[in-house]
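Novice: So the sequence shown is numbered by the working numbering: it starts at 4 and just counts up by one.
From the three backbone atoms N, C-alpha and C, an ideal C-beta is built for every residue, glycine too.
All values reported here derive from a predicted model rather than from experimental measurement.
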Amino acid sequence: MSINVCEIIAADAQNVARACDILASGGLVAFPTETVYGLGADAESDAAVEAIYRAKGRPAHNPLIVHLADATLLSRYAEVNGMAAELAQIFWPGPLTLVLPRKADGKASTRVSAGGNTIALRVPRHPVAHALLTQFGRGIAAPSANRSGRISPTSAVHVQEEFAGAEHPPAVILEGGDTEVGIESTVVDCTGTRPVILRAGTITAEQIAAIVSLATESALGDETLRSPGMLASHYAPQTPVRLNATHIEPDEALLAFGTTTLHAPTMRNLSPTASLEEAAHNLYAYLRSLDAAQCKRIAVMPIPQRGVGVAINDRLGRAAAPH
Ligand code: TXA
Ligand code: MG
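(1) Quick check: the Cα distance between Gly312 and Phe260, rounded to an integer number of angstroms?
(2) Could I get the ranges of all uninterrupted beta strand (DSSP E) runs contained in the stretch 93-131, with 3 residues as the minimum, in chain order?
(3) Using only alpha-carbon positions, find the residue among Asn272, Ala16 and Ile315 that is nearest to Gly204.
(4) Identify the continuous alpha helix (DSSP H) that holds Asn149 and give its terminal residues.
(5) Can you check whether the CB of Tyr80 is closer than 7 Å to the CB of Ile143?
(6) Cutting at 6 Å between CB atoms, please list the residues of its own chain near Asn272, excluding the five before and the five after it.
(7) Quick one: residues in its chain with C-beta nearer than 8 Å to the C-beta of Leu217, no 5 flanking neighbours on either side, listed in chain order?
(8) Would the beta-carbon of Val190 be found less than 6 Å away from any heavy atom of the ligand NAP?
(9) Out of Asn18, Val52 and Glu255, which has the shortest C-alpha to C-alpha gap to Ser116?
(10) Just verifying my parser: in three-state terms, what is the DSSP assignment at His284?
(11) Identify whether Thr242 lies in helix, strand or coil by the three-state DSSP scheme.
(12) Give me the Cα-Cα distance between Ala288 and Leu136, rounded to the nearest whole angstrom.
(13) With H, G and I counted as helix, E and B as strand and the rest as coil, what does DSSP make of Thr227?
(14) Quick check on the burial criterion: 16 or more other C-beta atoms within 10 angstroms. Buried or exposed for Pro127?
(15) Measuring CB to CB, does Ser188 end up less than 7 Å from Arg125?
(16) Would Ala148 pass as a contact of Tyr40 if the rule is Cβ separation under 7 Å?
(17) Below 7 Å CB to CB, which residues in the same chain sit around Gly224 once its five sequence neighbours on both sides are set aside?
(18) For Ile11, which residues does DSSP report across the bridge?
(19) Looking at the strands, I want to know which residues DSSP matches up with Thr189.
Written as structure tokens, this is what we have:
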């Protein structure tokens, strides 16, 4: 008996058209973005969006990001304000998600908002995502294409592994190579008078604050309320993770950063030259490969808490949380 393996198809014009047909008939298509692969469905269909939750085993209270070909579609789904328009102008297409009030009588399924009155939107810059979104012509709801709580996929093969033998796999996976950025988009709540960062990403707080000053009171206290997806345990390998490692214990795998004298039989270096961007790019693929080695634990060297390091440490903290 062979297990269910989802097909990876080249992202040529014919297959992009096929993917659009699948989406239009309520099916699921996995596709690359510059951050991680997404599991896409027609954002205007309740049944299609419901299928995403089923396929991922995602809790019903965790809302989804709607992906757009360009910013002109924003007003189809959301009430746009000045700060959102400004951030969109500067950072789109790119790894930034804006949370806005849902448009009254907007076209998006209420399921993308998990019943709430806000909606998250983003314009990705990956050419395959752009081709798919342009041809589909409306929003595509897409969480990262992993089973709920696991590491986000940064290659088509990762998506295939996530859904091997799954009851509700995507119909196809569009091939788009290894993703460039490697970690999920920065999520910014623009429903108040000042923006609040709900999830750190490679577009940093400093970069956003240079455009519109951030809310002084960080929303950390009610973060779980405002961004229900930001659970403590998330992005997690099966192997336990030990952070800020300055030594190695027997049977530990090592996730190194920068120049180091630490060694383990199973090890990867996120960036030998200590580039935080390179480390973000490699983070999930290396966590996956160290997880597959089935060591006792994954020991991770300290990552500087500046720039993109803030987002990397956020993900590592969740990977290390008890689950
Ligand atoms: O880079 C990314 O953002 C990737 C690619 C595929 O675009 N997508 C992604 O989706 O990471 P997901 O579902 O894995 O994470 C979306 C995050 C979750 O933490 C969710 O709670 C939050 O965005 N979110 C979505 N809609 C929201 C809303 N209306 N209000 C607050 N947070 C929201
Ligand atoms: Mg995710």
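Specialist: Walking through what the data contain:
(1) 11 Å
(2) 99-104 and 121-125
(3) Ile315
(4) Segment: none, Asn149 is in no alpha helix (DSSP H) and carries neither H nor E.
(5) no
(6) Ala259
(7) Arg197, Pro198, Val199, Ile200, Ala208 and Ile211
(8) This structure lacks the ligand NAP; the ligands present are the ligand TXA and the ligand MG.
(9) Val52
(10) helix
(11) coil
(12) 26 Å
(13) Note that Thr227 scores a pLDDT of 43, beneath 50, so its modelled location is shaky; the value from the coordinates is reported in the next line. Three-state DSSP puts Thr227 in a helix.
(14) buried
(15) yes
(16) yes
(17) Residue placement at Gly224 is flagged as unreliable, the pLDDT there being 47, under the threshold of 50; the coordinate-derived value follows with that caveat. Once the five neighbours on either side are set aside, Gly224 has no close Cβ partner at all.
(18) Ile176
(19) Leu99
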